[in-house]
Amino acid sequence: MASPGTAPAAAAHHHRDDEPGFLRKYFFSLDHKWIGIQYTVTSLVFLLLGFTLMMIMRWQLAYPGQPVPLIGGLLSAANAPGGIMLPEFYNQLGAMHGTIMVFLGVVPLSVGGFGNFVVPLQVGAPDMAFPRLNMMSYWAYFAGGVIMLTSFFIPGGAANSGWTSYAPLSVIAVGGGQTFWLVGMIFLITSSLLGSVNFIVTIVQLRAPGLTWMRLPFFVWAQLVTSFLLLLAFPPLEAAGVLQLMDRVAGTSFFMPSGLVVGNRPVAVSGGGSPILWQHLFWFLAHPEVYVLILPALGIVAEVVANNTRKPLWGYKPMVYSAIFLGFMSFLVWAHHMFLTGMGTTISAFFQTTTMIISIPSVIILSSLFLSLYGGAIRYTTPMLFALAFLPMFGIGGLTGLPLGLASSDIPLHDTYYVIGHFHYVVAPGTIFALFAGIYFWFPKATGRRMNDLLGKIHFWGSFITINGVFMPMFIQGLAGMNRRLYDGGMTYAGLADVLRWNTVIAYSAWALGFFQIFFIINFFWSIRGGRAATGNVWSATTLEWATPSPPPHGNFAALPTVYRGPYEYSVPGSDVDFVPQNQPAEA
Amino acid sequence: MQIPYTVEVRPDTGLSNAKLGIWLFLASEVMLFGALFSSYVLLRVSAPQWPHGYEELSVPLATFNTIILISSSVTMVMSWAQLKLKRPVPARMYLWSTVALALLFLVVKLYEYSHHFALGEYPRASTFLAIYFTLTGLHGLHVIGGIAVNGYLAGPGAAMWRSDPERYTNRVEVAGLYWHFVDLVWIFLFPALYLL
């Protein structure tokens, strides 16, 4: 098992730990805080890249067949002759947008970034349990990202069978893109496997003395459940990836049915495989993955809400139990993505029932967060604005999911823009807003400086308005029956004539959304050196990460803390200040 | 900076970090092979016909390999037991025997593979062969991983016995847990592929 190096003499070991060389400090760091920052910066770059792909696609949907302005000349002639993108290239952008956003952007940011930086601090540990595994986890993620990006530049381009890579389309896809995708995924799965083992061991084993389970901050609970989902749900996708790789490289027929005809020619495979098998294996991962996307976000919002309402979370225990139940149930709902495959009514009935059940814990958590606002003296800081916006946005995302969870109403809505609108409300103005809240909230802890509040508020209001301009019209288009993967934005369908104009609204909203991210990027880099200096406990917060200087030294705490109380003791009656840190003894 | 519970056991969980870590890793491995076994079952029950393993594959060779792997699990446990008795020399001998037995397993496996290839029985020939090569191939990779870990612990990694004997013993125990899992996967593969 990897572990911190064990030198024969403890003194030499200690010395080397405190004075890491240049490479060890900045590239192959073993310090969870630096690895967390590596994850954060890398995944933010990927988020921007994934979003850029979408901004290019939105041009094609709003103005089909017209040359892409500004950057059209930069696209290669093979992908976009004369700046007009080809359908194959559009498909590549679509598949890679989803892949990059989910596997290279949001999950690495919420788990690899925030999890790595915050969890050891919040549990009062000197580092993660296995620092070397932690480093390998980052570099496996990085390698997976490089492989995914490289695939854009190989003959045939990147994967173009959608982020779900449904067989047999993905198996027969020409070019190396899909094979790169599968190899890249195996790296990313390895990375998250190493990470999740590390998180669980850190949370279970390295909790500070006195930090009992019900004194853990909700964010740590969210990360714990998330880690279990990653640990147990990703391996089936790895298995599926191996099988699809065999199909593509060794010519097997795991997902290739008998008698498959492509381009009027029978495909020369032995056959007997099952395309539906891929879908089962894929969604067995990808539904728990939805909760991997949302749970850390709920955790961040819980921290920010408690801190900025200056009162304890309403219903901390039900929230914890809900998160655990959510994690468990998320393994039993996957086939609600597959109502259209003709699984049969019995199976559909089972999965729609479990889907309705799983909405209960989600509603409990969201309601608790809403009720936490009641009676609070709310501080409208930038992180709080993002957290407040998260609540109704995630609510819209959740409620619009109910018709998709019921088989009968899902069938007409399946694969329309309604679905796109639904899950983007969960993930974009939901999770990504929560991630922004987290960045504004913990930035002072990581750098010792605060981010600029005015730029933050411009970023918030600009993003909040434009992002609704992007996703709200999708419900309208989807209910009118617009399919999600149309290259021309639905122009060829007479029935969609009335909703085509929304494509322009969405496009301009998306580009405006891109514009407002510039404020964030400037703020982020400028504040590292130019921001107002922050104290160790800049937000007057209670959890352990604020009980050490900003940025925390190597080893996190001068002396490992002892915990005496719950995570959110704000506005305790009879106390001089409106917060009591977790490590403050009872008689102090 | 020292990370707590790398060697000693945390009182309230009763575990050291590495012990918990390896069990979690094995849980994910169960999910990996579980998904592949489920795929095998699903493909087999939905196939109009499916050959019997004993007609296509060599049961005597697989039986021999089963005995080899079970023996290697025994030598692995013996190595740990010797370390607990503070006898590093026989412990290393047992570790090397585990590595040797694992290599013997792979040699037999390669002989089986080359025999199939010589007959033109490649993975693409049928779904039966596809699942056979995928499952045994992935298991073979796990065997190679075990050889690497056990070889390291028996070779350069054994230096830790002098600096931190308790931690070295724990490492051998943890490597053993992994090795027993690899063994266990084969115990499932053998009947599922060769006998049914």
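Each protein sequence line maps, in turn, to chains A and B.
Just so you know, we're using the working numbering here: the first sequence kicks off at 1 and counts up by one.
Just so you know, we're using the working numbering here: the second sequence kicks off at 589 and counts up by one.
Cβ coordinates follow ideal geometry from the N, Cα and C atoms, glycine included.
Keep in mind that this is a model prediction, so the values were computed, not measured.
Handout entry: Reduced DSSP category for A/Phe579 - H, G, I as helix; E, B as strand; rest coil
Key = Three-state DSSP puts A/Phe579 in a strand.
Handout entry: Rounded C-alpha distance that separates A/Tyr63 from A/Ala507
Key = Roughly 9 Å between the two C-alpha positions.
Practice task
Say whether the segment 326–344 of chain A touches the segment 285–293 of chain A, bearing in mind that this needs 3 or more beta-carbon pairs closer than 8 Å, one atom from each stretch.
Solution key: Taking 8 Å as the limit for Cβ pairs, the verdict is that the segment 285–293 of chain A does touch the segment 326–344 of chain A.
Practice task
Check whether the Cβ atoms of A/Gly241 and A/Phe254 sit closer than 7 Å, and answer yes or no.
Solution key: The answer is no: Cβ separation not under 7 Å.
Handout entry: Which listed residue (B/Asp752, B/Ser702, B/Leu698) has its alpha carbon closest to that of B/Asn653
Key = Considering only alpha carbons, the answer is B/Leu698.
Practice task
Look up A/Pro403 in the DSSP assignment and say whether it is helix, strand or coil.
Solution key: Helix at A/Pro403.
Problem - Candidates A/Trp163, A/Pro108, A/Leu260: closest to A/Ser191 by CA position - result: Cα-wise, what sits closest to A/Ser191 is A/Pro108.
Exercise for the section: Under 7 Å between beta-carbons, which chain B residues line up against A/Ile324? List them in chain order, please. Expected result: What A/Ile324 touches in chain B: nothing, since even the nearest Cβ is about 16 Å away.
Practice task
Go ahead and pull the three-state DSSP assignment for A/Asn452.
Solution key: A/Asn452: coil per DSSP, three-state reduction.
Problem - Reduced DSSP secondary structure (H/G/I, E/B, other) of A/Ala480 - result: Reduced to three states, the DSSP call for A/Ala480 is coil.
Exercise for the section: Out of A/Ser348, A/Val320, A/Ala268, A/Leu326, point me to the one whose CA is closest to A/Pro288's CA. Expected result: That would be A/Leu326, whose Cα lies nearest to the Cα of A/Pro288.
Problem - Pairwise C-alpha distance: A/Ala558 and A/His15 - result: Because the pLDDT of A/His15 is 43, which lies under 50, any placement of that residue in the model is unreliable, and the number read from its coordinates should be weighed accordingly. Each residue's Cα considered, the two are about 16 Å apart.
Practice task
Return no unless some Cβ of chain A is closer than 7 Å to the Cβ of B/Gly605.
Solution key: Note on residue identity: the sequence assigns Asn, not Gly, to residue 605 of chain B. By this cut-off, B/Asn605 is an interface position.
Practice task
Indicate the three-state DSSP secondary structure (helix, strand or coil) for A/Gly5 in the structure shown.
Solution key: Here A/Gly5 scores only 41 on pLDDT, less than 50, and its place in the model should not be relied on; the value that follows carries that caveat. Three-state result, A/Gly5: coil.
Problem - Interface residues of chain B facing A/Ile35 [CB-CB closer than 9 Å] - result: Residues of chain B whose Cβ lies closer than 9 Å to the Cβ of A/Ile35 do not exist; the shortest such Cβ separation is about 15 Å.
Practice task
Label B/Gly733 either buried or exposed according to how many other C-beta atoms from any shown protein chain fall within 10 Å of its C-beta, with 16 as the threshold for buried.
Solution key: By the neighbour-count rule (16 or more Cβ atoms within 10 Å), B/Gly733 is not buried but exposed.
Practice task
Can you pull the chain B residues whose beta carbon is under 7 Å from the beta carbon of A/Tyr204, in chain order?
Solution key: Position check: residue 204 of chain A holds Val in this sequence, whereas Tyr was assumed. Chain-ordered, the chain B residues with CB closer than 7 Å to the CB of A/Val204 read Thr601, Leu608.
Practice task
Report the residue ranges of all alpha helix (DSSP H) runs contained in full by the segment 409–447 of chain A; include only those spanning at least 4 residues, in chain order.
Solution key: Secondary structure within the segment 409–447 of chain A: the alpha helix (DSSP H) runs of 4 or more consecutive residues, fully enclosed, are 417–426, 433–447 (chain order).
Problem - Chain-ordered neighbours of A/Ala446 on chain B, where CB pairs are closer than 8 Å - result: Correct list: empty, because the minimum Cβ distance to chain B is about 19 Å.
Problem - Boundaries of the alpha helix (DSSP H) in which A/Ile200 is found, first to last residue - result: Taken as a continuous stretch (DSSP letters only), the alpha helix (DSSP H) holding A/Ile200 covers 177–205.
Practice task
Report, in whole angstroms, the separation of the C-beta atoms of A/Met361 and A/Ser322, which I expect to be a contact under 8 Å.
Solution key: Note that residue 361 of chain A is Pro in the sequence shown here, rather than Met. Contact between A/Pro361 and A/Ser322 holds, since their C-beta atoms are separated by about 4 Å, short of 8 Å.
Handout entry: Under the three-state DSSP convention, the category A/Pro266 falls into
Key = Three-state DSSP puts A/Pro266 in a strand.
Practice task
Can you tell me which of the three DSSP states A/Tyr660 falls into?
Solution key: This structure gives no information on residue 660 of chain A, because the portion of chain A shown stretches from 1 to 588.
Exercise for the section: Tell me, please, whether the CB atom of B/Ala623 is closer than 7 Å to any CB atom in chain A? Expected result: True, the Cβ-Cβ gap to chain A drops below 7 Å.
Practice task
Could you pull out every unbroken alpha helix (DSSP H) segment of at least 4 residues lying fully inside the segment 43–67 of chain A, listed in chain order?
Solution key: Secondary structure within the segment 43–67 of chain A: not one fully enclosed alpha helix (DSSP H) run of 4 or more consecutive residues is present.
Exercise for the section: May I ask you to report which of helix, strand or coil DSSP gives A/Arg532? Expected result: Three-state DSSP puts A/Arg532 in coil, outside helix and strand.
Handout entry: A/Pro429 versus A/Pro209: straight-line alpha-carbon distance, rounded
Key = The alpha-carbon atoms of A/Pro429 and A/Pro209 are separated by roughly 38 Å.
Practice task
Can you have a look at A/Asp578 and say buried or exposed, based on whether 16 or more other CB atoms are within 10 angstroms of its CB?
Solution key: Burial call: exposed.
Exercise for the section: Out of A/Leu149, A/Leu75, A/Phe117, point me to the one whose CA is closest to A/Leu104's CA. Expected result: Selected option, being the one with the closest Cα: A/Leu149.
Handout entry: CB of A/Gly489 within 7 Å of CB of A/Asn503, strictly
Key = A/Asn503 sits close to A/Gly489, with the two beta carbons spaced by under 7 Å.
Problem - Run of the alpha helix (DSSP H) containing A/Trp283, from where it starts to where it stops - result: Counting along the chain, the alpha helix (DSSP H) containing A/Trp283 begins and ends at 275–309.
Exercise for the section: Pair every Cβ in the segment 65–79 of chain A with every Cβ in the segment 134–141 of chain A, then say whether three or more of these pairs are closer than 8 Å. Expected result: With the cut-off at 8 Å, the segment 65–79 of chain A and the segment 134–141 of chain A do not touch.
Problem - Reduced DSSP secondary structure (H/G/I, E/B, other) of A/Arg379 - result: A/Arg379 sits in coil when the DSSP states are folded into three classes, being neither helix nor strand.
Exercise for the section: Measure the CB-CB distance between A/Thr230 and A/Ser196 and report whether it falls below 7 Å. Expected result: With the sequence shown as reference, residue 230 of chain A is identified as Leu, and Thr is not the correct amino acid for it. Yes, Cβ-Cβ distance for A/Leu230 and A/Ser196 is below 7 Å.
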